[in-house]
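These notes concern the structure reproduced below.
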Amino acid sequence: MRVSRPACERGFTLIEVMVALLVFGLAAMALIRLEGATIRGASLLDRTLLAQTVARNVAVETVTDAAAPPPGVARGSEANGGARWNWTRTASAVGDRGAMRIDVAVAEPSGQVLGRLTMVRPPDRPGP
62 MRVSRPACER GFTLIEVMVA LLVFGLAAMA LIRLEGATIR GASLLDRTLL AQTVARNVAV
122 ETVTDAAAPP PGVARGSEAN GGARWNWTRT ASAVGDRGAM RIDVAVAEPS GQVLGRLTMV
182 RPPDRPGP
């Protein structure tokens, strides 16, 4: 004959509680790792956006300057967004009419290139 226990004495066994805690712990760890990856991705995106802004600034300054840059490589650094950025600008002739290709690469102080941009400077027009 089987005796049934009253409802107030029924509950989870120790094994069931431990398995539930294990499942909850694994889910919590996965969410914490996902949050860390999201924060790292947002940080990289922010730095890449700043590097692209620096590249655009250097390229536009070169394209709109009164005098064409000399062909070759120029290097410099610029502060933007509270960080120091190192840029490399390569100017090369395009065709025989005086147009110039301007390639800009922007790197963090660690050397990791995060921004690149290419623009074409039209030929200089003779004065009036």
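Using my numbering, the first residue of the sequence shown is number 62, and each one after it goes up by one.
Glycine included, each C-beta is placed from N, C-alpha and C at the ideal position.
| Unbroken alpha helix (DSSP H) run spanning Gly-86, endpoints | 75-125
| said: To the nearest angstrom, how far is the alpha carbon of Ile-93 from that of Gly-102? | reply: Those two C-alpha atoms are separated by around 14 Å.
| said: Which same chain residues end up closer than 7 Å to Gly-142 when comparing Cβ atoms and leaving out the 5 residues on each side of it in sequence? | reply: Leu-111
| Does DSSP put Val-159 in a helix, a strand or coil? | Val is not the amino acid found at residue 159; the sequence shown has Gly there. Three-state result, Gly-159: coil.
| said: Between which residues of its own chain and Ala-144 is the CB-CB distance below 7 Å, once the five residues before and five after are set aside? | reply: Leu-111
| CA-to-CA distance, Ser-171 to Arg-136, given in whole angstroms | 16 Å
| query | Is there contact between the segment 73-90 and the segment 111-131, where contact requires at least three CB pairs shorter than 8 Å? | reply | no
| Under 9 Å, do Leu-178 and Val-165 count as touching if we go by C-beta distance? | yes
| Those residues which DSSP pairs with Ala-144 across a bridge | Here Ala-144 is bridged, per DSSP, to Asn-141.
| Is Ala-154 helix, strand or coil by DSSP? | strand
| message | Alpha carbons only, please: which of Ala-140, Ser-138, Ser-153 and Glu-139 is nearest the one belonging to Pro-130? | response | Of the candidates Ala-140, Ser-138, Ser-153 and Glu-139, the one whose C-alpha sits nearest the C-alpha of Pro-130 is Ser-153.
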